[in-house]
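All residue numbers for the sequence shown refer to this note's numbering, where the first residue is 42 and numbers rise by one.
From the three backbone atoms N, C-alpha and C, an ideal C-beta is built for every residue, glycine too.
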Amino acid sequence: MNGKATTIRTRLERGRSALGPALELVHTGRAPTRAVLTAELGVTRATAGAVAAELEALGLIQVDSRPGAAAGSQGRPSHRLAVNDSGPVVLAAQIHADGYRAALVGLGGRIVATAPGRKTVSADPAQALGAVVEAGAGLLRESGRRCVGAGLAVPSAVAEPEGTALNPLHLAWPAGSPVRDIFAEEVRGTGIAGPAFAGNDVNLAALAEHRHGAGRGAQHLLCVATGHRGVGGALVVDGRLHTGSSGLALEVGHLTVNPDGRPCYCGGRGCLDVETDPLAFLDAAGRAPGPEVSLLQQSRELLRGQYDDPAVRAAGEELIDRLGLGLAGLVNILNPDRIILGGLHRELLDADPERLRAVVADRSLWGRSGGVPILPCTLDHNSLVGAAELAWQPVLDDPLAALAASQGGPA
């Protein structure tokens with residue numbers, strides 16, 4: 042072996058432990074150039090170059106060695122780094138009250154293909170999960186892409202380490218259904234060799250938004266969102282989901298915001314879950330839900346298209362006040378540096394942002410001293426993207442080991 046080859050190999054061995062951190066920096070858009078990668082990793086330019094070259098050889102990123110110089114800039118521009126748009130994917134799946142959705146998601150949180158399924162969700166978790174996995178496997182066969190893992194988002198707290206759906210209140214599933222094990226078995230049945238994971242849909246939405254959307258840069262990010270039914274919450278602290286001792290933290294849907302309000306599925310009354318979800322909005326607006334599209338879509342269309350209608354505006358203001366009360370309590374307890382809202386809550390924020398922010402500021406101790414930014418979620422299908430993040434995490438932790446473990450699955 043000549044001296045040059047030995048030097049390159051030495052640099053690569055020094056940087057091999059940096060493969061995962063480097064990939065995560067590119068994946069989250071924090072290292073768009075080799076110069077930034079060098080600075081973020083704290084390594085030499087040569088080592089950063091070797092790391093980038095290895096990730097490119099693995100088919101995970103692309104290195105543009107001849108980027109155009111920006112107008113007015115001096116010196117040679119740094120090599121640009123981006124995820125490989127034709128690289129591996131993961132299978133992401135979501136079950137919700139109105140059906141399911143499957144997708145293939147690449148690095149960078151980019152959805153490559155998606156297949157929705159609107160139907161009654163089976164009371165048998167195995168049948169429901171089998172249907173969504175088969176939809177994803179169909180996408181995979183059509184794409185010809187390599188799959189390195191799978192992630193599932195469900196409208197329930199997922200207890201750890203068991204991976205059980207503790208309280209799937211808006212599905213007819215038994216409490217304690219072993220959703221992760223069932224999902225993993227269905228995934229293996231398609232020939233996918235990578236690992237399979239499961240998590241709560243709003244937790245995963247928050248993770249996706251923190252890495253790729255409205256939550257970027259937040260140190261203490263609070264996410265509150267409606268699904269197709271109900272309300273969920275999540276907290277991301279220093280880049281990691283706060284899940285509590287067993288995965289059950291931030292069940293914000295069962296905060297009481299109206300003691301004399303609607304009965305809740307949990308046995309309480311006036312919970313955020315039943316006072317600020319799509320069904321509550323339609324009911325408050327005097328609109329009977331129709332079967333054509335989901336309750337969430339019906340509520341969105343009503344808010345966007347008929348907010349000048351007095352009944353619709355009154356319903357919106359009622360839900361905003363209830364939501365603001367709940368958010369204020371969470372601000373007092375958690376002291377987040379940013380709040381992001383998804384689902385119907387995003388539409389309520391868009392409809393009357395000043396009213397919601399005023400309620401939160403008036404009711405929260407910290408809100409009065411400067412306010413907490415309240416922003417809309419920005420990612421389409423953020424729970425799906427978050428489910429994909431679960432599946433990508435082993436690759437981000439150790440690209441070489443994870444890619445080796447996923448060999449043998451379908452193309």
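Exercise. By the 10 Å Cβ neighbour count, where 16 or more other Cβ atoms means buried, how is Gly147 classified, buried or exposed?
Worked result: Here residue 147 is taken as the residue at index 106 of the sequence shown, counted from 1. Burial call: buried.
* With 16 other CB atoms within 10 Å as the buried threshold, where does Leu122 fall? -> The residue labelled residue 122 in the question sits at position 81 within the sequence shown. Label assigned to Leu122: buried.
- Item | Proximal residues to Leu320 (C-beta, below 6 Å), its chain only, five neighbours per side dropped | Position 279 of the sequence shown, counted from the start, is the residue given in the question as residue 320. Closer than 6 Å at the Cβ level, and outside the excluded window around Leu320, lie Leu336.
(Q) Taking DSSP's pairing of strands, which residues face Gly192 in a bridge? (A) If you number the sequence shown from 1, residue 192 lands on position 151. For Gly192, which the question treats as bridged, DSSP gives the partners Ala133, Phe238.
**OP:** Could you name the residues of the same chain whose beta carbon sits closer than 8 Å to that of Glu358, not counting the 5 residues immediately before and after it, in chain order?
**Re:** Translated into positions along the sequence shown, residue 358 becomes position 317. Closer than 8 Å at Cβ, skipping near neighbours: Asp393, Arg396.
message: Quick check on DSSP: helix, strand or coil for Ser340?
response: The count along the sequence shown starts at 1 and reaches residue 340 at position 299. DSSP places Ser340 in helix when its eight states are reduced to three.
| Of the residues Arg363, Leu371, Pro417, Gly294, the one placed nearest Ser197, counting alpha carbons only | In the sequence shown, counting from the first residue as 1, residue 197 sits at position 156. Checking every option, the nearest Cα to that of Ser197 belongs to Gly294.
* To do: From the DSSP output, in three-state form, read off Ala112 for me.
  => Position 71 of the sequence shown, counted from the first residue, corresponds to residue 112. Per-residue confidence for Ala112 stands at a pLDDT of 43, beneath the threshold of 50, marking its modelled position as unreliable; the derived number appears in the next sentence. Three-state DSSP puts Ala112 in coil, outside helix and strand.
Option nearest Gly370 by Cα separation, candidates Val413, Asp349, Leu389, Ala356: By 1-based counting over the sequence shown, the position of residue 370 is 329. The shortest Cα separation from Gly370 among Val413, Asp349, Leu389, Ala356 belongs to Val413.
Q. Can you list, in chain order, the residues of its chain whose CB lies under 6 Å from that of Ala239, leaving out five sequence neighbours each side?
A. As a position in the sequence shown, residue 239 is number 198, starting the count at 1. So the list reads Leu193, Val199, Gly204, Val220, Arg221, Phe224, once near-sequence residues are dropped.
Quick check: what's the CA-CA separation for Arg341 versus Ala325? Position 300 of the sequence shown, counted from the start, is the residue given in the question as residue 341. Position 284 of the sequence shown, counted from the start, is the residue given in the question as residue 325. Straight-line Cα distance between these residues: approximately 14 Å.
- Query: So what does DSSP say about Gln168, is it helix, strand or coil?
  - Reply: Taking the sequence shown and counting its residues from 1, one reaches residue 168 at position 127. In the structure shown, Gln168 sits in a helix (DSSP, three-state: H, G or I).
Glu430 vs Ala249 beta-carbon contact at 8 Å: Stepping through the sequence shown from its first residue, residue 430 is reached at position 389. Stepping through the sequence shown from its first residue, residue 249 is reached at position 208. Cβ atoms of Glu430 and Ala249: closer than 8 Å.
> Does the separation of the CB atoms of Thr134 and Tyr141 fall below 8 Å?
Replying inline: Position 93 of the sequence shown, counting from 1, holds the residue named residue 134. Position 100 of the sequence shown, counting from 1, holds the residue named residue 141. In the sequence on display, residue 134 carries Ala and not Thr. Yes, these two residues count as a Cβ contact at 8 Å.
Hey, Gly217 and Leu207 are a contact pair by Cβ (cut 8 Å); roughly how many whole angstroms apart? Here residue 217 refers to the residue found at position 176 of the sequence shown. Here residue 207 refers to the residue found at position 166 of the sequence shown. So it is a contact: roughly 7 Å between Cβ atoms.
_I want to know whether the segment 272-279 touches the segment 229-236 - three or more CB-CB distances under 8 Å._
no
Practice item. Identify which residue in Val131, His283, His137 has its Cα closest to the Cα of Ser184. Key: Numbered from its first residue, the sequence shown carries residue 184 at position 143. Answer by Cα proximity: Val131.
For the putative contact between Val272 and Arg363, defined by C-beta atoms under 8 Å, what is the C-beta separation to the nearest angstrom?
One-based indexing of the sequence shown puts residue 272 at position 231. One-based indexing of the sequence shown puts residue 363 at position 322. Rounded, the Cβ-Cβ distance is 10 Å, inconsistent with contact.
* Determine the DSSP secondary structure at Leu406, reduced to helix, strand or coil. => Walking along the sequence shown from the start, residue 406 turns up at place 365. Coil at Leu406, not helix or strand.
- Considering only the beta carbon of each residue, do Asp242 and Ser424 sit closer than 8 Å? Here the question's residue 242 lines up with position 201 in the sequence shown. Here the question's residue 424 lines up with position 383 in the sequence shown. Cβ atoms of Asp242 and Ser424: closer than 8 Å.
Am I right that Ala143 and Ala167 are in contact with their C-beta atoms under 8 Å? What's the rounded C-beta distance? Position 102 of the sequence shown, counting from 1, holds the residue named residue 143. Position 126 of the sequence shown, counting from 1, holds the residue named residue 167. That pair is no contact at about 16 Å.
What's the C-alpha gap between Gln448 and Ala329? Position 407 of the sequence shown, counted from the first residue, corresponds to residue 448. Position 288 of the sequence shown, counted from the first residue, corresponds to residue 329. Their Cα atoms are separated by approximately 51 Å.
Taking just the CA atoms, how far does Thr161 sit from Ala432? On the sequence shown, residue 432 is found 391 positions in, with the first residue counted as 1. On the sequence shown, residue 161 is found 120 positions in, with the first residue counted as 1. One C-alpha to the other measures close to 27 Å.
My output table needs one value for Asp438: the three-state DSSP class, helix, strand or coil.
Indexing the sequence shown from 1 puts residue 438 at position 397. Three-state DSSP puts Asp438 in a helix.
*asked:* Assuming Asn373 and Leu406 are in contact, meaning their beta carbons sit under 8 Å apart, how far apart are those beta carbons, in whole angstroms?
replied: For the purposes of this step, residue 373 is taken as residue 332 along the sequence shown, with counting starting at 1. For the purposes of this step, residue 406 is taken as residue 365 along the sequence shown, with counting starting at 1. Asn373 to Leu406, Cβ: 5 Å. Contact.
- request: Could you spell out the range, first to last residue, of the alpha helix (DSSP H) harbouring Arg86?
  value: Position 45 of the sequence shown, counted from the first residue, corresponds to residue 86. Per DSSP, Arg86 belongs to the alpha helix (DSSP H) from 86-98.
Note to self: For Ala420 and Leu180, I'd like the C-alpha separation in whole angstroms.
What the structure shows: Mapped onto the sequence shown, residue 420 falls at position 379. Mapped onto the sequence shown, residue 180 falls at position 139. What sits at residue 420 in the sequence shown is Leu, not Ala. Each residue's alpha carbon lies about 21 Å from the other.
- Measure the C-alpha to C-alpha separation of His422 and Arg252 and round it to an integer number of angstroms. Taking the sequence shown and counting its residues from 1, one reaches residue 422 at position 381. Taking the sequence shown and counting its residues from 1, one reaches residue 252 at position 211. Between His422 and Arg252, the C-alpha separation is close to 14 Å.
Neighbour-count burial assignment, Glu292, 16 or more Cβ in a 10 Å radius: Within the sequence shown, numbered from 1, the residue matching residue 292 stands at position 251. The residue is buried, with at least 16 neighbouring Cβ atoms inside 10 Å.
* Would you list the residues sitting across from Tyr141 in a DSSP beta bridge? => Indexing the sequence shown from 1 puts residue 141 at position 100. DSSP, once it has assigned bridges, lists Ile136, Gly158 as partnering Tyr141.
Please return the same chain residues whose Cβ sits closer than 6 Å to the Cβ of Gly427, not counting the five positions on each side in sequence. Residue numbering aside, residue 427 sits at position 386 when the sequence shown is read from its first letter. Contacts found: Leu245, Ala246, Leu248, Ala249.
ask   = Taking buried to mean at least 16 other C-beta atoms within 10 Å of its own C-beta, is Arg107 buried or exposed?
value = For the purposes of this step, residue 107 is identified with residue 66 of the sequence shown, where counting begins at 1. It counts as exposed.
- prompt: Using a Cβ-Cβ cut-off of 6 Å (strictly less than) and excluding sequence neighbours within five positions of Ala443, which residues of its own chain qualify?
  reply: The residue labelled residue 443 in the question sits at position 402 within the sequence shown. Only Pro435, Val436 meet the Cβ criterion.
field: Inter-residue Cα distance where the pair is Glu81 and Tyr348
entry: Within the sequence shown, residue 81 is the residue found at index 40, counting from 1. Within the sequence shown, residue 348 is the residue found at index 307, counting from 1. Each residue's alpha carbon lies about 47 Å from the other.
task = Let me know if Leu486 comes out buried or exposed under the rule of 16 or more other beta-carbons within 10 Å of its beta-carbon.
result = Only positions 42 to 452 of the chain appear in this structure, which leaves residue 486 out of reach.
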